[in-house]
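Asker: With the working numbering applied, the sequence shown has no gaps in its numbers, which climb one by one up to 158 at the end.
All C-beta atoms in this analysis are idealised placements derived from N, C-alpha and C, irrespective of residue type, glycine included.
Sharing a structure here in structure tokens format.
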Amino acid sequence: MPKAKVTDLRKHYPELAPDKDYPPLRFKSLKGRVSAAEWEARVDCACAYRLVRHFGMDDLVYNHISARIPGTEEFLLNPFGLLYEEICASALVRVNLKGDVLWQPDWPKGLNYTFNLAGFVIHGAIHEAKPEIHCVIHTHSLAGMAVASLERGL
């Protein structure tokens, strides 16, 4: 399946990119503005997004990775709409187990991504039920979908 290109955004959102490619998003770094534990969770989670993308296990914007902020009932989740290669530590949305957004980036004019609702439902339930789990990854890899469709699994 071919991957969408950033230039494809022009076709769907001409008001955002009328005559040139959509510019890359820039995020003000949160390093030093959040706790050391949160920063480490942010960096680890962003790295996981890059690794999933590197190994071809991403599905554009339709899967998600979350990381619990140690010692809290809060976790980090991707803003729905960002491609995996656009996600960085300072782009992740911080939510609590109730679904309240505790922090999200300042978006450029015309953009207002929020957390991935499907991701919150899946990841929030896991983080609430299993506090010892620090990271959850949900992908739609071909191999994973093939095994999931088998009546007996592996």
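How close, in whole Å, do the beta carbons of valine 105 and phenylalanine 119 come, if the pair is a contact with beta carbons under 8 angstroms?
Answerer: 6 angstroms between Cβ atoms; contact.
Asker: Looking at the unbroken beta strand (DSSP E) that takes in tryptophan 107, where does it start and where does it end?
Answerer: Looking at the DSSP string, the run of the beta strand (DSSP E) that includes tryptophan 107 is 105–107.
Asker: Quick check on the burial criterion: 16 or more other C-beta atoms within 10 angstroms. Buried or exposed for histidine 58?
Answerer: The residue in question, histidine 58, is exposed, as its Cβ has fewer than 16 Cβ neighbours within 10 Å.
Asker: State buried or exposed for asparagine 82, treating a residue as buried only when at least 16 other CB atoms are found within 10 Å of its CB.
Answerer: Under this definition asparagine 82 is a buried residue.
Asker: Quick one: Cα of aspartate 63 to Cα of serine 39, how far?
Answerer: Approximately 31 angstroms between the Cα atoms of the pair.
Asker: Determine the closest residue to lysine 134 out of Gly36, Arg37 and Phe79, with distance taken between C-alpha atoms.
Answerer: Looking at the Cα atoms, Phe79 is the closest of the given residues.
Asker: Please name the residue or residues paired with histidine 68 in a DSSP beta bridge.
Answerer: DSSP output for histidine 68 lists His142 as bridge partner(s).
Asker: Whose C-alpha, out of Glu77, Leu29, Ile69 and Ala122, is nearest the C-alpha of histidine 48?
Answerer: The sequence given here places aspartate at residue 48; histidine does not occur at that position. If we check each option's Cα against that of aspartate 48, Ile69 comes out closest.
Asker: Can you round the beta-carbon distance between arginine 46 and leucine 96 to whole angstroms, since I take them to be within the 8 angstroms contact cut?
Answerer: Right, the Cβ-Cβ distance comes to about 6 angstroms (below 8 angstroms), so this counts as a contact.
Asker: Tell me, which residues are paired with arginine 98 by DSSP?
Answerer: Arginine 98 pairs with Leu80 and Trp107.
Asker: Where does phenylalanine 124 sit, in a helix, a strand or coil, going by DSSP?
Answerer: Here phenylalanine 124 sits in helix by DSSP.
Asker: Drop a sphere of 10 angstroms on the beta-carbon of asparagine 116, count the other beta-carbons inside from all chains shown, and report buried for 16 or more, exposed for fewer.
Answerer: Classification for asparagine 116: exposed.
Asker: If you draw a straight line from the C-alpha of methionine 149 to the C-alpha of asparagine 100, how long is it?
Answerer: Roughly 29 angstroms separates the two Cα atoms.
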